[in-house]
Amino acid sequence: MMKYDYLIVGAGLYGAVTARELTAKGRKCLVIDKRSHTGGNIYTENIAGINVHRYGAHIFHTDNKKIWNYVNSLVEFNRYTNSPIANYRGQLYSLPFNMNTFYQMWGCVSPKEARERIERQKAESGIEVPRNLEEQAISLVGKDIYETLIKGYTEKQWGRRCVDLPAFIIKRLPVRFTFDNNYFNDRYQGVPIGGYTSLIDKMLGDTEVHLGTDYFSDRERWDASAEKIVYTGEIDRYFDYRYGRLQYRSLDFQTELLEGEANYQGNAVVNYTDADTPFTRIIEHKHFEFGLQPDTVITKEYPKEWKPGDDPYYPVNDEYNSRLYEKYRTLANEQSRVIFGGRLAEYRYYDMHQVIESALNRVAGL
Ligand code: FAD
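The numbering of the sequence shown is the numbering used here, which starts it at 4 and goes up by one.
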């Protein structure tokens, strides 16, 4: 007799939602995670009374009322609205591109003036069919915005020049002709009061969780422990990299506690859009929860090429990796006892609300 109905590999958001729902259906679950904490990439760690987003800034946003009600039934969310600021060589601009940005950049005070300015720059560029990301961006928003707010940031993010990046990466760019600095268009947005760890704790409830436990350290034992497995780790690893490794972009996070500094930058997210500053953004975590603590914690984000051993953050959605993933997916579909879910097992960028929706849909059929 197997001890558990389900072994869930990964205590991230996908694993936690799955554990909660299966437990509610009366199934006996065991969750294991190789990290020393639950939450996966949404884990928040309390430093000096501030909830620090250890794996990058996370803002919950969704248009889906069902998902919004689901998370709010577990923890309370605040009214945080993501309104990043761009710092280009000491000049500040509002993001996403909107009337505030156009006023800061050109002194335009009406939408008509701003539209004309952008249209003129697009026409001057003479680009008809964009051949790369640079041409695509200029043909969408004109030269000034591209050079000040897109070029340096994108080149740091991808580690390549915009002229060497494919145009499809930016199919659209959000441009608003209203004075609206809200980054997202979704109806619902916020951050859990008390951090994301409180949300995950609620989801995992009384489910048995073993931390610091790598599934691959004793695969046979774990496979024998449950009838079924929900696997949320890297899909290529599951199949021992049979067809080769999937590629990612990674990030280095440098976090500092600034003692006695109550407010470092006045905003949770400040993007550094010039090419010379080596990091892409600075996160000041207290502002996600309107913190008034005497100290502050900031994190600088340095994008980097992923190599084995680094944390895999962003899948690379090019042809090589998409084909490789399809091969692994074919193998995964043959595993009748294993469910592959979440950002690593499905090799796709998922926002939090999408992960929750995907896990709920999957569990509904079990
Ligand atoms: P993960 O959180 O990665 O969880 C997988 C877990 O499996 C991990 O804890 C891992 O340790 C564990 N695991 C893997 N292999 C093994 C193994 N062999 N044995 C045991 N355990 C294993 N989404 C938003 O909605 N808003 C945002 O603002 C936002 N910002 C983001 C910023 C960054 C920098 C990144 C990278 C992502 C961001 N996201 C955001 C996306 C969000 O992080 C994901 O949607 C979510 O974390 C995915 O959850 P998951 O469970 O699929 O994966």
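Ideal placement from N, C-alpha and C gives every residue a C-beta, glycine not left out. Since the structure is predicted, the reported quantities are computational estimates derived from the model, not experimental observations.
- Straight-line measurement puts the Cα of PHE182 at about 20 angstroms from the Cα of ALA271.
- The residue among MET5, THR302, GLY18 and LEU347 with its C-alpha nearest the C-alpha of ILE203 is GLY18.
- Between the alpha carbons of ARG346 and LYS330 lies a gap of roughly 17 angstroms.
- Comparing alpha-carbon positions, the option among PRO195, GLU48, MET108 and ILE121 lying closest to SER76 turns out to be PRO195.
- Residue environment for ALA14: buried (at least 16 other C-beta atoms within 10 angstroms of its C-beta).
- Contiguous beta strand (DSSP E) elements confined to the region 273-307 occur at 284-287, taking only those with 3 or more residues.
- Only buried fits ALA117, as 16 or more other CB atoms lie within 10 angstroms of its CB.
- Annotated three-state conformation of ASP321 is coil, per DSSP.
- Residues of the same chain with a CB within less than 8 angstroms of the CB of MET108, apart from the 5 flanking positions on each side, are TYR96, ASP147, ILE148 and THR151 in chain order.
- The C-alpha of GLY52 lies about 7 angstroms from the C-alpha of GLN296.
- One Cα belongs to GLU349, the other to THR21, and the distance between them is close to 15 angstroms.
- Within the model, the alpha-carbon separation for ASN44 versus GLU122 is close to 40 angstroms.
- Excluding its 5 nearest sequence neighbours in each direction, ASP217 has C-beta neighbours in its own chain below 6 angstroms: LYS37, listed in chain order.
- With a cut-off of 8 angstroms on Cβ pairs, the region 207-221 is not in contact with the region 123-134, counting fewer than three such pairs.
- The region 14-64 contains, as complete beta strand (DSSP E) runs of 3+ residues, the segments 32-35, 47-50 and 53-56 (chain order).
- In the three-state reduction of the DSSP assignment, ARG190 falls in the coil class, being assigned neither a helical nor a strand state.
- The three-state reading of DSSP puts ASP354 in coil, since its state is none of H, G, I, E or B.
- With the rule of 3 Cβ pairs closer than 8 angstroms, the region 133-146 does not count as touching the region 280-295.
- Residues LEU260 and VAL300 of the same chain have their beta carbon placed closer than 7 angstroms to that of ILE50, with the five preceding and five following residues left out of the count.
- Between the region 229-240 and the region 302-311 there are fewer than three C-beta pairs closer than 8 angstroms, too few to call the two in contact.
- GLY312 counts as exposed, since fewer than 16 other C-beta atoms from the protein chains shown sit within 10 angstroms of its C-beta.
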